[in-house]
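**Student:**
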Amino acid sequence: MIDTTFPNSPFEWRARWTEVKKATGEIWFQGINEVLAQPATYKKVATRTVTTITHHHQQHPTMATQLPLTARKSLKDAEPQNAEAIKKLEAATGTTGWTFEADGAAIHEALKNDGNLVGRVINQTLSGLVDNIIKLCKKDEMYKEAFVEKITAKKIKFVVTSEGPAYCPGETSFPEGVLLVTIHQEKPWVNVNQTGNKIESQL
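Heads up, the sequence shown stops at 217 in the working numbering, and the numbers go up one at a time, no gaps.
1) How many angstroms separate the CA atom of Lys102 from the CA atom of Lys152?
2) Quick check on the DSSP output: what are the complete beta strand (DSSP E) runs of length 3 or more inside the region 144 to 180, in order along the chain?
3) Does the separation of the CB atoms of Thr209 and Thr139 fall below 8 Å?
4) Check whether the Cβ atoms of Ile100 and Gly118 lie closer than 8 Å to each other.
5) How far does the beta strand (DSSP E) with Glu185 in it reach, from first residue to last?
6) Could you say which of Lys126, Asn211 and His122 lies nearest to Val132 if we only look at CA atoms?
7) Among residues of its own chain, excluding the 5 on either side of Ser176, which ones have a beta-carbon nearer than 7 Å to its beta-carbon?
8) In this structure, does DSSP put Asn47 in helix, strand or coil?
9) Verify whether the separation of the beta carbon atoms of Ile170 and Gly191 is less than 8 Å.
10) Count the other CB atoms within 10 Å of the CB of Thr84; is the residue buried (16 or more) or exposed (fewer)?
11) Indicate the three-state DSSP secondary structure (helix, strand or coil) for Glu200 in the structure shown.
12) Use the C-beta contact count for Ser10: other C-beta atoms within 10 angstroms, 16 or more gives buried, fewer gives exposed.
13) For the putative contact between Phe161 and Thr110, defined by C-beta atoms under 8 Å, what is the C-beta separation to the nearest angstrom?
14) In terms of residue numbering, what span does the beta strand (DSSP E) encompassing Thr113 cover?
15) Determine the extent of the alpha helix (DSSP H) in which Asn96 is found, giving its start and end residues.
16) Where do the ends of the alpha helix (DSSP H) carrying Glu190 lie?
17) For Lys168, collect the residues of the same chain with a Cβ closer than 6 Å to its Cβ; drop the 5 residues on either side in sequence, then sort them by chain order.
18) Below 8 Å between beta carbons: does that hold for Val206 and Pro179?
19) With H, G and I counted as helix, E and B as strand and the rest as coil, what does DSSP make of Leu131?
20) Let me make sure I understand the geometry here. Which of Val174, Ser187, Arg86 and Glu104 has the alpha-carbon closest to that of Asp145?
21) Assign Ala97 to one of two classes, buried (16 or more other C-beta atoms within 10 Å of its C-beta) or exposed (fewer than that).
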């Protein structure tokens, strides 16, 4: 169980937050400075994370057991297109070794009646993100360098959240050098071509 009492020091916080990230599989992140600022903020964050962990393990034990065959086939069929999008990203950034991960079970669940299109939705979101990154990199060499320096893990990850009011497209952040796209479960397939259009302002 994650301790929701306020840590006595940054060292204690870091040790505890390592446990949080291991428990969640890094499905939720919070800026260290914001969390350390106020005890009330930390308690809210830690409590919310406990809830997230519980929901995640209850709703998504494994993708293989959760998803129907049609959804699994949709994800499989999208893999070549996803790989091609990553190749375009590598060419635009002049780097190699990028990886991509998406919570297919959570996205399938969020799509409800359109769940069998989960692979298509993930690919369209990834393609929209990559297209916007390519546009950014083409602006100037300085923009490309700033992007590469920001995403040190060379990894793109899609997760789903139910927190707060619905928004679209997915929000981008860069925890531990990962390009994390957080998709709201109420709008998983809206304005996906705009995914990543705020990255420039975040660099």
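Using N, Cα and C, we set each Cβ at its ideal position, and we do this for glycine too.
All values derive from a computational prediction rather than experimental measurement.
**Tutor:** Taking the structure as given:
1) Your numbering for residue 102 matches position 88 in the sequence shown. Your numbering for residue 152 matches position 138 in the sequence shown. About 13 Å.
2) 169 to 175
3) If you number the sequence shown from 1, residue 209 lands on position 195. If you number the sequence shown from 1, residue 139 lands on position 125. Yes; because the gap between Cβ atoms is below 8 Å, this pair is in contact.
4) Counting from 1 along the sequence shown, the entry for residue 100 is found at position 86. Counting from 1 along the sequence shown, the entry for residue 118 is found at position 104. No.
5) Here residue 185 corresponds to residue number 171 of the sequence shown, with the count starting at 1. Element bounds for Glu185: Glu185 to Ser187.
6) For the purposes of this step, residue 132 is taken as residue 118 along the sequence shown, with counting starting at 1. The shortest C-alpha separation from Val132 is found at His122.
7) As a position in the sequence shown, residue 176 is number 162, starting the count at 1. If we look at Ser176 and ignore the five residues flanking it on each side, its Cβ neighbours are Gln199.
8) Taking the first residue of the sequence shown as position 1, residue 47 is located at position 33. Bear in mind that a pLDDT of 46 at Asn47, under 50, signals an unreliable position, so the number given afterwards is only what the model happens to contain. Asn47: helix per DSSP, three-state reduction.
9) Indexing the sequence shown from 1 puts residue 170 at position 156. Indexing the sequence shown from 1 puts residue 191 at position 177. Taking 8 Å as the Cβ cut-off, Ile170 and Gly191 do not qualify as a contacting pair.
10) Sequence index remark: in the sequence shown, residue 84 carries index 70 (1-based). Classification for Thr84: exposed.
11) For the purposes of this step, residue 200 is taken as the residue at position 186 of the sequence shown. If DSSP states are grouped into helix, strand and coil, Glu200 belongs with coil.
12) Because the chain is modelled from 15 through 217, residue 10 falls outside the range shown and cannot be assessed.
13) The sequence position of residue 161 within the sequence shown is 147, counting from 1. The sequence position of residue 110 within the sequence shown is 96, counting from 1. Their Cβ separation, rounded to whole angstroms, is 15 Å, which puts Phe161 and Thr110 out of contact at 8 Å.
14) Residue mapping note: residue 113 aligns to position 99 of the sequence shown, counting from 1. Unbroken beta strand (DSSP E) run through Thr113: Thr113 to Ala116.
15) Within the sequence shown, residue 96 is the residue found at index 82, counting from 1. From DSSP, the alpha helix (DSSP H) with Asn96 extends over Leu83 to Thr107.
16) For the purposes of this step, residue 190 is taken as the residue at position 176 of the sequence shown. That residue, Glu190, is in no alpha helix (DSSP H); it is neither H nor E in DSSP.
17) By one-based count along the sequence shown, residue 168 stands at place 154. These residues qualify, in order along the chain: Gly111 and Trp112.
18) What you label residue 206 is simply residue 192 of the sequence shown in a count that begins at 1. What you label residue 179 is simply residue 165 of the sequence shown in a count that begins at 1. No, the pair does not count as a contact, with Cβ atoms beyond the cut-off.
19) Position 117 of the sequence shown, counting from 1, holds the residue named residue 131. In the structure shown, Leu131 sits in a helix (DSSP, three-state: H, G or I).
20) Position 131 of the sequence shown holds residue 145. Selected option, being the one with the closest Cα: Glu104.
21) Mapped onto the sequence shown, residue 97 falls at position 83. That one is exposed.
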